[in-house]
Amino acid sequence: MNGFPGKGLLEGLAVTAKNFIGSYFDDNRKERLFTYQYPEERMPLPENSRTFPFLVYDGTPDQLRCTACKVCETECPPQCIYIVRDSDPNGKPLQRPKVFDIDISVCMQCGICAEVCPFDAIKMDCDFERSQHGRFEELVAHLPSLLKSNDYYHHIKPTEADRVDATRKRVKKPSPAAAAPAPTPGPAVAAVLSPTPLKPMSPPADILTEDEKRAWLKGYQSILGTGPIVWPLTTKKIATTPQPPTPAPAAAAVATPPASSLAGGEPWHDSGLDLAKRMELAKDRSLADRLMAAMAQLDCQACGYDCRGYANALAAGVTRDVTLCAPGEDETKNTLETLLKEAGKL
Amino acid sequence: MNIAFYILAAVTLLGAALAVSLRNLVHCLLALVLFFVGVAGHFFLLRADFLGAVQILIYIGAVAVLILFAIMLTRNVSGTEGGGNSLGGAWWFGAGITAALAALATAAVRRSSLAATLSSPVTEQGIVKTMGRLLVTDWVVPLEIMAVLLTAALIGAVVVALEEDRKS
Amino acid sequence: MSGSGLIQTQRLEVSLGPQHPSTHGVFRMDVVLDGEYVVKLKPVMGYLHRNHEQIAEKLTWLGSMPYTDRLDYFCSMTNNWAYALAVEKLAGLKVPERAEYIRVIMAELTRLLNHSCAIGFLLSDCGAWFTPVLYALRERERILDFFETVSGARMMCNYMRFGGVRVDLDETALAMARRLVARWPSFLDEFEKLITGNEVLLARMQRVGILPRELAINASISGPMARASGVAYDVRKVDKYGVYDRFEFRVPVGETGDTYDRYMIRILEMRESVKILQQALRDIPGGPVIAPEARLRGFKVPAGDGYARIEAPKGELGFYLVSEGGTKPYRYHVRPPSFINLTVLEDMCLGHKIADAIIILGSVDIVLGEVDR
Amino acid sequence: MDAIFQLLQNSGAPMPEWLALALAILLPIVIVMGLFLTVFAFLTWVERKALGRIQNRRGPNRVGPVGLFQPVADGLKLLIKEDIVPGAADRVVHFLAPVLVVVPAFLVLTVVPVAKGFVPVDLNIGVLFALAVSTASVLAVFMAGWASRNKFSLLGAMRGVAQVVSYEVPMVLAAVVVLMAAGTLSSIGIVEAQRGWCGWFVCKPWGLVAFVIFQTCAMAEVARTPFDLPEAESEIVAGYHTEYSGFKFALFQMGEYVAAITMGGVTVTLFLGGYLGPGCDLPRIGWLVSAGWFFAKLGLVVVINIWARGTWPRVRVDQLLAFAWKVLLPLSLINIPAMALWYFLPNRLIGWIASAALLAVALVGLTRLNAGRAFEKRSYRFIS
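Right under this line is the structure:
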């Protein structure tokens, strides 16, 4: 090579010397020293940084935005979210989760739940210091610990929070079932949807030994209502059976759809189809079927019923409010309005 | 001062005895090194520093490593199958011969003139200088012959290694 | 007992790994040594197999995107892009201009950090006590901070969506990227001064682990390894995917294909990537960053199958997807460049010493997440 | 040692003769061991801080004010750690090896003059003793490698033995040149011979070449980068001390670092004029100034070691041995006639130039000779 034999070696020495001396004259991490002395000195996290999800509530903790529509539970790739819908004393389902668990030892912080949530209810936090001593119970974040206020959200992610608030104001919806229950659906419909009470989530305090904890975990898995976890759960299964397949009491008359639509089944009941396709599928069907086709097909029970139930209620005139289908947003509301106008119900 | 002599003598004899009787070949080598250290200690005791240093340099530094490589290259890597009962039945015969040899050596040393010349403790500085001058003046011919011999041995080793290399 | 003549040498069976300081992850090499020379070398992989392709069949199209970050966990952006490209090809989605530019910027930044760290790890295999690696990591930290500012996570970005990207680059992020890219030419000069002329390294890397051109082509080697052996093939120039045809950049190609060539090719590729980044950051257009018809929930891909590939830092990364028209892929297969580049490891290592085998493995630049999937 | 003995004798203290002798022997040992153990602890701290700063990070700063108690913490940790001996290991030899690594490292200290009049034992064959003892570490390396019954440590041991043996010869020959100039083997004599303006041997052409050879061989002897093959982490895990843990591993580290310091001490004594320096002859505080000079020069040599460790990669085994036999050995052989030229030519200046010329010719010849497989200049074509 060019130059005397030791030239490359000496150049190497020069570079390390420059770095050695340089590191003394540049302490503010501009040029050379790039390590943070962690506990004392913390790295300023950029606004977008995401760690584990949290549930946003406006004002008081029980005004939480989450309506337990279980979209995030379905879309979550590692299936680490578990939601059970709340119900008021006489068994009518509410738009609120009674149980909302995130197993943060499984969660890979991918942010898909925050992305797909139709109600901006779940957002990504940026607090990463959540190590615990235990592996089971301690690493499952339950509802109370997940709830954080909207101004906390503004505190950690100002621009994003402002943008979310702006969109929420533009699409003003009656805050679904804030404290008061939803417009009272007929007693018969309620009977269909009331889930039977479930075992308490946290294991009894006296479980100490390792295998007992393992037994509890096995029990925890069976609570999920799907028996031993066939992992990962397929979205198809959730869409059709909204609550755990505990033997629901005999379906009341109203709940059973009129015979004509039963014969052809419900081809439009698939959240993948867009509105036009669904309406086209339900073109020459009964009013209830066409109303149901307009829904967002998520059975998210944001309206207090499932899609079939809400369509029957609208058709039967039990309710006249067309804005309850939250995931459907405006397109569902307008189609419902036109359909009811044609049928002269509105 | 003679306490040190007895300790060192004991160490040397122990080293020699172990070097012969141990089962594991590598242990024998280490016992041999202990023996060499004992001998070097004796040289230092007799104020012959140069000989002591040379003993350490040559015997421990080179000869022991040579034997080590010999063991590594001929035996399998673990080198565990040392000699069995090396003393064998006729141990008394061996003892007799060593006693005769020891007597012969002491007699020769006492009678010959060599003891006289080195008996007076020459100043330490002098030993190295006189040895150097002697080597280059009176004993230069044997020095040169040895040099030739060593280079021949070196070249021989290289040839063996090269021929080995070329074949594989 | 081998070796005729006076000196008998015994063959030594050594298994390097899976727990070994320099096998870049859980990777094992069963090596038969004659003295220091490698006589036989069998790579053993599979310690990090996570059943990625089977899981993908159970998840929705979007659900697999965060898992692609975990394939080659050094370059999560390029993995995302390859998967998004394959799905867009199947679904016929058109990506807006600005998103294409952002994708090129992210991919080239990933190439910079991957090549610099690969060289750094190669040097620490040669024994240079982590100094080059830490210089490379210093620059990588800045790029990872940029990724975190934009996508939210440093290494597991999950940033690209079908039809564009998830978050737009606002003005501060663009300024941060420009500042970042401006530092790289001086860093590369310092890196080269420390390494390229170093006599000890020249002696260690030149004529070591030579990969002949025909073997590279037959073993379908791709990426810097192939180009070092003289195979002038770069997917960016061949497929012209994304907006790569708008940028003026060159692709370095070597001749002998030994470890030194692979090292130099990576250095020259980094210099070309800096050129691409400067051009992309200069003329990035405005506009939306995601196609209007892209859907998040219930996204369906019309039935059919398709293969899309990009020039990932380690080689040609491809995704072969088969869709039944549902919300989940029927078959999902990844073409991992590291795995295929590893198949010729034995041919390169035969006849060299054990110290060379470690460097040759380092010059192949593998990441076990991608090798085992 | 003898000076102390006289001091104790005529100090009139009521002391029997044998106690004075015992004290005279024990005192220097205690001083030297204490001094060099603290220097060892300090060196590990300096090395980790310096390497850190070279690599753009801070280096240890958690234990003690600026991380100063880090060596103490390391020592304590290794003391507490469980000492695992592999099942198949040869227990006796496995136990002895770390002991035998540390012993020669400290023995070399007996002849290194730390300050004016302060040398533990003034042997008249000082330097020869130092070089002889430093070869004894070869055996300890082999014992460690062979006793652990582990393939990696065996490879490491074989490499270590080959390396130390083949770098021993150029090192001794490089020292021979200094002995010829000083005319004596005793370390005090050598240091005194370097008095006067620019009297250090390193200022002579042959002295500079000998210094470079000696320093390279010392780094190889102690297995420091770029010659740290016996414990090449990336190839053979940790070489001969893979199977050691707990305090035995600490002994190995101590042996390695103390050997590096003592080799530095020998280099300083031979080439950089030991404790000589302006102000070392002052009446009462002279010996303190000379001690300062000695440790300053020792620091310089050690810094070179650390600097090289932070920059250069490792050499391969065959290149290592080839470098020793094909470059260092012939160079040190030619160095001897060059010194003779300098010594016997009447006019100092002509002598100086003549030896410098001879050495220059030798250097160029050697590089041309060894550049058989020169590093070819690579060219790359670009396709756009």
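Going down the list, the sequences are from chains A, B, C and D.
All the letters of the first sequence, read from the start, carry residue numbers 994 to 1339 under this note's numbering.
All the letters of the second sequence, read from the start, carry residue numbers -2 to 165 under this note's numbering.
All the letters of the third sequence, read from the start, carry residue numbers -19 to 353 under this note's numbering.
All the letters of the fourth sequence, read from the start, carry residue numbers 1088 to 1471 under this note's numbering.
For every residue, glycine included, the Cβ atom is placed at its ideal position computed from N, Cα and C.
Report task. Would you please verify whether the beta carbon of T1234/A is less than 8 Å from any beta carbon of chain C? Result -> Position 241 of the first sequence holds residue 1234/A. Confidence in T1234/A is poor, its pLDDT being 34 and thus under 50, which makes the residue's placement too unreliable to answer from.
Query raised in the report: At which residues does the beta strand (DSSP E) containing Y1050/A begin and terminate?
Result: The residue given as residue 1050/A occupies position 57 in the first sequence. Following the DSSP letters along the chain, one finds Y1050/A inside the beta strand (DSSP E) bounded by residues 1046 to 1050.
Query raised in the report: For S1419/D, which residues from the same chain have a beta carbon less than 6 Å from its beta carbon, with the 5 sequence-adjacent residues on both sides left out?
Result: Your numbering for residue 1419/D matches position 332 in the fourth sequence. Once the five neighbours on either side are set aside, the close Cβ partners of S1419/D are P1257, L1260, A1261, I1300.
**Report entry** Whether E1318/D touches Y1331/D by CB criterion (8 Å)
**Finding:** Along the fourth sequence, read from residue 1 onward, the residue named residue 1318/D stands at position 231. Along the fourth sequence, read from residue 1 onward, the residue named residue 1331/D stands at position 244. Contact: no.
Query raised in the report: Between R1025/A and chain D, is there a C-beta pair that is closer than 8 Å?
Result: Numbered from its first residue, the first sequence carries residue 1025/A at position 32. Chain D has a Cβ within less than 8 Å of the Cβ of R1025/A.
Query - P76/C versus S1466/D - alpha carbon distance - result: Translated into the one-based positions of the third sequence, residue 76/C becomes position 96. Translated into the one-based positions of the fourth sequence, residue 1466/D becomes position 379. Going by the C-alpha atoms only, they are around 40 Å apart.
Query raised in the report: Nearest-angstrom Cα distance between H354/C and V1109/A?
Result: What the structure shows of chain C is the stretch from -19 to 353, and residue 354/C is not part of that stretch, so it cannot be assessed.
Requested in this report: Decide if the segment 79 to 97 of chain C is in contact with the segment 178 to 193 of chain C; the criterion is three or more beta carbon pairs, one per stretch, under 8 Å apart.
Outcome: Per the Cβ contact rule, the segment 79 to 97 of chain C is not in contact with the segment 178 to 193 of chain C (fewer than 3 Cβ pairs under 8 Å).
Query raised in the report: Do the segment 7 to 23 of chain C and the segment 322 to 336 of chain C touch if we need at least three Cβ pairs shorter than 8 Å?
Result: Yes, since at least three Cβ pairs between the segment 7 to 23 of chain C and the segment 322 to 336 of chain C fall closer than 8 Å, the two stretches touch.
Query - A288/C burial status per 10 Å Cβ neighbour count (16 or more: buried) - result: Locating residue 288/C in the third sequence gives position 308, where the first residue counts as 1. Residue burial is scored here from C-beta neighbours: A288/C has at least 16 other C-beta atoms within 10 angstroms and is therefore classed as buried.
Query - Listed by chain order, chain B residues near W1233/D by CB distance under 7 Å - result: For the purposes of this step, residue 1233/D is identified with residue 146 of the fourth sequence, where counting begins at 1. The answer, in chain order, is V23.
**Report entry** Neighbour list for E16/C in chain D, Cβ cutoff strictly below 7 Å
**Finding:** For the purposes of this step, residue 16/C is taken as the residue at position 36 of the third sequence. For E16/C, the residues of chain D that pass the 7 Å Cβ criterion are V1404, in the order they occur in the chain.
Query raised in the report: For S200/C, does the three-state DSSP call read helix, strand or coil?
Result: Within the third sequence, the letter at position 220 stands for residue 200/C. Looking at S200/C - three-state DSSP - the assignment turns out to be coil, as it is neither helix nor strand.
Query raised in the report: Just the Cα atoms here: how many angstroms apart are M1306/D and V1225/D?
Result: Here the question's residue 1306/D lines up with position 219 in the fourth sequence. Here the question's residue 1225/D lines up with position 138 in the fourth sequence. Using only the alpha carbons, I get a separation of about 14 Å.
Query - Cross-chain neighbours of T40/C in chain A, by beta carbon under 9 Å - result: Within the third sequence, numbered from 1, the residue matching residue 40/C stands at position 60. Scanning chain A for C-beta atoms nearer than 9 Å to the C-beta of T40/C yields T1067, E1068, P1070, T1228, reported in chain order.
Query raised in the report: Within 8 Å (strictly less), CB to CB, does T1060/A reach chain D?
Result: Here residue 1060/A refers to the residue found at position 67 of the first sequence. Not a single CB atom of chain D sits nearer than 8 Å to the CB of T1060/A.
Query raised in the report: Can you name the start and end residues of the beta strand (DSSP E) that A292/C belongs to?
Result: Locating residue 292/C in the third sequence gives position 312, where the first residue counts as 1. That run of the beta strand (DSSP E) goes 284 to 292.
Report task. Measure from the C-beta of F32/B to each C-beta in chain D and report whether the shortest distance is under 8 Å. Result -> Locating residue 32/B in the second sequence gives position 35, where the first residue counts as 1. By this cut-off, F32/B is not an interface position.
Report task. Spell out whether any CB of chain C is found under 8 Å from the CB atom of I1277/D. Result -> Here residue 1277/D refers to the residue found at position 190 when the fourth sequence is read from its first residue. By the rule that beta-carbons nearer than 8 Å mark a contact, I1277/D does not touch chain C.
Query raised in the report: Looking at the C-beta of I1105/A, does it have a partner C-beta in chain C at a distance below 8 Å?
Result: Counting from one through the first sequence, the residue named residue 1105/A turns up at place 112. Against chain C, the CB of I1105/A has a partner CB under 8 Å away; the residue lies at that interface.
**Report entry** Span of the alpha helix (DSSP H) around G368/C
**Finding:** The requested residue 368/C does not occur in the structure, where chain C is confined to residues -19 to 353.
Query raised in the report: So does the segment 52 to 72 of chain C actually touch the segment 130 to 144 of chain C, counting three or more Cβ pairs closer than 8 Å?
Result: The answer is yes - the segment 130 to 144 of chain C touches the segment 52 to 72 of chain C, with three or more Cβ pairs under 8 Å.
Report task. Within its chain, find whatever has a CB closer than 8 Å to the CB of L1095/D; leave out the 5 residues flanking it on each side and keep chain order. Result -> Counted from its first residue, the fourth sequence places residue 1095/D at position 8. Setting aside the 5 residues that flank it on each side, L1095/D is surrounded in the same chain by M1102, A1107, L1110, A1111, each with a C-beta closer than 8 Å to its C-beta; the list follows chain order.
Query raised in the report: Given that A50/B touches chain D, what residues does it touch there, using C-beta distances under 7 Å?
Result: In the second sequence, counting from the first residue as 1, residue 50/B sits at position 53. I1212, L1215, F1216, A1219, listed in chain order.
Query raised in the report: In chain C, what lies closer than 8 Å to E1376/A by C-beta?
Result: With chain A represented from 994 up to 1339, any question about residue 1376/A goes unanswered, as that position is not in the structure.
Query raised in the report: In chain order, what residues of the segment 1140 to 1156 of chain D put their CB closer than 7 Å to some CB of chain C?
Result: Here the close residues are I1141, Q1142, N1143, R1144.
Report task. Look up L13/C in the DSSP assignment and say whether it is helix, strand or coil. Result -> Counting from one through the third sequence, the residue named residue 13/C turns up at place 33. In the three-state DSSP reduction, L13/C falls in the strand class (E or B).
**Report entry** Residues from the segment 1087 to 1106 of chain A in contact with chain C, defined by Cβ distance under 8 Å
**Finding:** So the close ones are M1101, Q1102, C1103, G1104, I1105.
Query - Stretch pair the segment 1027 to 1036 of chain A + the segment 199 to 217 of chain C: three plus CB contacts closer than 8 Å - result: The segment 1027 to 1036 of chain A makes no contact with the segment 199 to 217 of chain C: fewer than 3 CB pairs, one atom from each, lie closer than 8 Å.
Query raised in the report: With 8 Å set as the bound, which would you pick, yes or no: does the beta-carbon of R1465/D sit closer than that to a beta-carbon of chain C?
Result: Residue 1465/D sits at position 378 when you count from the first residue of the fourth sequence. For R1465/D, at least one C-beta of chain C is nearer than 8 Å to its own C-beta.
Query raised in the report: Assuming G234/C contacts A196/C under a Cβ cut-off of 8 Å, what Cβ separation, rounded to an integer in Å, is found between them?
Result: On the third sequence, residue 234/C is found 254 positions in, with the first residue counted as 1. On the third sequence, residue 196/C is found 216 positions in, with the first residue counted as 1. Incorrect: roughly 11 Å between the Cβ atoms, too far for contact.
**Report entry** Residue from A1061/A, T1060/A, L1002/A whose Cα sits closest to the Cα of A1395/D
**Finding:** For the purposes of this step, residue 1395/D is taken as the residue at position 308 of the fourth sequence. A1395/D has its Cα closest to that of L1002/A, out of A1061/A, T1060/A, L1002/A.
**Report entry** Contact set for K1338/A: own chain, Cβ-Cβ below 7 Å, skip 5 residues either direction
**Finding:** For the purposes of this step, residue 1338/A is identified with residue 345 of the first sequence, where counting begins at 1. Closer than 7 Å at Cβ, skipping near neighbours: G1310.
Query raised in the report: Quick one: is L117/C buried, meaning 16 or more other Cβ sit within 10 Å of its Cβ, or exposed?
Result: For the purposes of this step, residue 117/C is taken as the residue at position 137 of the third sequence. Burial call: buried.
Requested in this report: Using a cut-off of 7 Å between C-beta atoms, extract the partners of V981/A located in chain C.
Outcome: This structure leaves residue 981/A out entirely; chain A is present only between 994 and 1339.
Query raised in the report: Hey, quick one: how far does the beta strand (DSSP E) through L(-4)/C stretch, first residue to last?
Result: On the third sequence, position 16 is the one that residue -4/C refers to. For L(-4)/C, the uninterrupted beta strand (DSSP E) run begins and ends at -9 to -4, by DSSP.
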